[in-house]
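To keep things clear, I will list the structure first and then write my remarks on it.
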Amino acid sequence: MKAFLRSYYSLIAIGIIFAWSVYAINTHRSSLAPDDAIVLRIGHWQLEPSVREGLEAMAEDYRKLHPNVYIIQDAIPEMVYGQWTTTQLMGGTAPDLLEVGLGVLPRHLWLQYYNRYCYSMTPYANQPNPYNEGTDLEGIALRSTIKDGMKWTYVEEMQEYVSIPLSQFGVRMFYNRELLKKLTGLDEAPANYRAFIAACETIRSQTDPNGDPYTAIASSKYHLPMFENYMLDYLTYPAIRKADFNRDGLLGIDESYVATRAGLLSLDFPPYRARFQLLRELTDQFQPGFAGLTRDEAVFLFVQQNAVFMATGTWDARSLQEQAGGQFTVGVMDFPRPGPEDPVYGPYVEGPLFEQPYVGFAFAITHTTPHFETALDFLRFMASKKQNEKLNRIIGWIPSVKGTEIDPLLKAFEPHLEGVVKAFNSDLGGDTWLKWMQLYSLFQVNQISFEELAAQYEPYYKEQGYKDFMEQQRDWRRGMHIDEESLAGIRAAALYSDGDESDSNWVKYRSLTSLRQVTPEILRSRQMDLIENGPKNLGIGPYDYSPELLERVRQQWQRLPDGASGPPPPEPEKTTGRETTAHETPPHAIASGRTLS
């Protein structure tokens, strides 16, 4: 017996500790609610005290209406939330309500989890929120009460809404006003990119009382995507002309792959090269080793007044002010993006950055919940106008619901609604994504050059990416039965109704059939043809126009009187290997009633 205990002492000790932990957790949870109560578990990665306070306030308000319902929070650190979510979902022990979103897990993994483990929110997104009765949102579909129409929680591959968002977010740069003044003599942070970089160099050239150099920008692997989205990727917009095959003004993951495979795009495309050059200039201003640091380590560097600037979002605004604690004043500025006048990046700047109103703090309902109706009702409760405003006021965030009041501090985070979008997409999923992340991480810390990155990644992307591209196509097809069921219902309604109602249903039926079934098949067929055979005119994208044609369009437009629709379009004319007509203007080129001005 003694020999057995000596051999297995460690395993026995671990088993005892684990059993005690399970008992302690279950005992604690059972003490939070009566035995006959309905208990909802809500899992999230927001460890800020104000978030837990806000959710607890929602639970208390909901219990006034439903005394037998208790809400228990599972607040998990962001660093391990992805692993925790995977374990809980696969083990069948997931909470009833689960916070979902990019960052903690790759997009392709979330897609699989939505498919397998979460309920669709589509039927409920199209119904009015009963908790909005008596407000100006009464009778309006839930998705239409959200500021972005729930666009961010709609998954195109599934053609479903998968969660309900509770907050709106924005990202800006924060800075230490007093430290900026001390190190650079500036009262305000520079808005011009070149002036900003010069200020950063001045900051880095000085040392603190301990002799350590100051950091210009506190950053980490968590913060880098903010610079990519708000300062780098807008330079890539010209790629739209090369790869926007469905002409929706955006560059999808599939379009990016098809264009690269067909030879229309590459990492050596000048706007792409400029994007990576700008990244290198920015990362030179970060602290050494930033790529291996976490969010908290960057925040600590900033609040300890060892760094002047830091990029983050509304979720950190209140906590940064509190941590400053009167020691320094926190300033907020927009990202100092290069403008058209910049000598290096100006040729690729075709407009300001468009910021899609981003909503998050979104919760899905898992298949393991024994209380689906209650979980859905609680989500609707938090997404109502009155409660959503209260929740976000407590947290210090921007409400996701239309017509709500926001904190004056957060007005600087209102999104820019006019501008250009990014046209760089590397997240194809699978092994391709892993290869990209490995090489991109090395580039970030200057261990490989841009030329080495392109030489190692592009051949792999073209060949291995085909398998990942086809898997995405299969994901899209897996959701087709949902459309077929919906169309069958609309067709039946059209057949069994009369007059205007019947006509309306038939219009809806034909429109959705074209939009969801016919057009995607045509686009996919064209993409496969480009992959297998390449473009008929090598190097010519869907919006490539000859200078002669563009000049002809300008001249015709200038001859138009105000308000006129214009003369009949001219006959097609040949351009560098492609037939294009003057009236074939890309939709995203139209602004303020004039094009190509």
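Residue 636 is where the sequence shown starts when you use the numbering used here, and the numbers rise one by one after that.
C-beta atoms are modelled at their ideal positions from N, C-alpha and C, and glycine is treated no differently.
Quick caveat: nothing in here was measured; it's all calculated off a predicted structure.
Status (buried if at least 16 other CB within 10 Å, exposed otherwise) for residue i
i, result
"arginine 972", "buried"
"isoleucine 649", "exposed"
"leucine 1074", "buried"
"glycine 1134", "exposed"
"tyrosine 1131", "exposed"
"isoleucine 651", "exposed"
"serine 1084", "exposed"
"threonine 1154", "exposed"
"glycine 1064", "buried"
"methionine 1007", "Per the sequence shown, the amino acid found at residue 1007 is phenylalanine instead of methionine. Answer is exposed; the Cβ neighbour count stays below 16."
"serine 1171", "First, the residue type needs correcting, since residue 1171 is lysine and not serine in the sequence shown. The residue is exposed, with fewer than 16 neighbouring Cβ atoms inside 10 Å."
"asparagine 1027", "buried"
"valine 1188", "buried"
"glutamine 1022", "buried"
"lysine 1284", "For residue 1284 there is no data in the structure shown, the boundaries of the chain being 636 and 1232."
"proline 1005", "exposed"
"asparagine 1140", "buried"
"serine 1035", "buried"
Own chain partners of residue i with C-beta closer than 6 angstroms, once the 5 adjacent residues on each side are dropped
i, result
"serine 755", "Glu795"
"valine 806", "Met861, Tyr865 and Gly948"
"methionine 945", "Phe809, Ala853 and Phe937"
"tyrosine 752", "Leu724, Thr1001 and His1002"
"tyrosine 789", "Tyr796"
"leucine 740", "Gly717"
"alanine 1058", "Thr871, Tyr872, Ala874, Ile875 and Leu886"
"aspartate 783", "Pro992 and Val994"
"cysteine 835", "Ala851 and Gln920"
"glycine 1174", "none"
"glutamine 912", "none"
"alanine 959", "Val965"
Cβ shell of residue i (< 7 angstroms), same chain only, five flanking positions each side left out
i, result
"alanine 926", "Lys856, Ser1076, Gln1079 and Val1080"
"valine 967", "Arg807, Phe809 and Ala1047"
"leucine 1158", "Phe880 and Asn881"
"leucine 1044", "Ala952"
"proline 1203", "For proline 1203, the pLDDT reaches just 48, beneath the cut-off of 50, and the residue's location in the model is therefore unreliable, leaving the point undetermined."
"glutamate 1208", "Confidence in glutamate 1208 is poor, its pLDDT being 40 and thus under 50, which makes the residue's placement unreliable; the coordinate value appears in the next sentence. Here the set comprises Leu1184."
"isoleucine 1029", "Ser685, Glu688, Gly689 and Ala692"
"isoleucine 838", "Leu818, Thr819, Tyr849, Ala851 and Val943"
"leucine 1069", "none"
"glutamate 1136", "none"
Residue(s) in a DSSP beta bridge with residue i
i, result
"cysteine 835", "Bridge partners of cysteine 835: none, in fact."
"alanine 672", "DSSP lists no partner for alanine 672."
"aspartate 1110", "Aspartate 1110 pairs with nothing; no bridge assigned."
"tyrosine 705", "Val674"
"histidine 679", "Ala710"
"valine 967", "Phe809"
"leucine 732", "Ile677 and Ile1000"
"glycine 948", "Val806"
"threonine 842", "Pro848"
"phenylalanine 880", "Bridge partners of phenylalanine 880: none, in fact."
"phenylalanine 921", "Ile852"
"alanine 942", "Thr850"
Residue i beta carbon near the ligand GDP (any heavy atom closer than 6 angstroms)
i, result
"lysine 1046", "With respect to the ligand GDP, the structure offers nothing, as it holds no ligand at all."
Cutoff 8 angstroms; reference residue i; Cβ partners in own chain excluding five residues on either side
i, result
"tryptophan 1032", "Ser802, Gln803, Phe804, Thr949, Trp950, Phe996 and Leu1045"
"leucine 1014", "Leu732, Ile799, Phe998 and Ile1000"
"proline 1243", "Lying outside 636 to 1232, the shown extent of the chain, residue 1243 is not represented and no answer is given."
"proline 765", "Arg1015"
Closer than 7 angstroms to chain D by CB, residue i
i, result
"aspartate 883", "As a matter of chain content, chain D is missing from the structure shown, which is built from one protein chain."
Checklist entry - Is it true that the segment 1092-1099 meets the segment 772-784, where meeting means three or more beta-carbon pairs spaced less than 8 angstroms apart? => result These segments do not touch.
Checklist entry - Between the segment 667-687 and the segment 727-747, are three or more C-beta pairs nearer than 8 angstroms? => result At 8 angstroms Cβ cutoff, the stretches touch.
Checklist entry - Which whole runs of the alpha helix (DSSP H) in the segment 761-833 are 4 residues long or more, in chain order? => result Complete alpha helix (DSSP H) runs here, min 4: 777-780 and 812-819.
Checklist entry - Contact between the segment 995-1009 and the segment 978-986: three or more CB pairs below 8 angstroms? => result Here the segment 995-1009 makes no contact with the segment 978-986; the two share fewer than three CB pairs at distances below 8 angstroms.
Next on the checklist: Does the structure place the segment 849-864 close enough to the segment 913-927 that three or more beta carbon pairs sit under 8 angstroms?
Outcome noted: In short, these stretches touch, since the Cβ pair count reaches three.
Checklist entry - Which runs of the beta strand (DSSP E) spanning at least 3 residues fall entirely within the segment 984-1055, listed in chain order? => result 993-1000, all fully within the segment 984-1055.
Checklist entry - Are at least three pairs of beta-carbons, each pair with one atom in the segment 902-910 and one in the segment 820-832, less than 8 angstroms apart? => result No contact exists between the segment 902-910 and the segment 820-832.
Next on the checklist: Give the list of continuous beta strand (DSSP E) stretches no shorter than 3 residues that lie fully inside the segment 848-875.
Outcome noted: The qualifying runs are 850-853.
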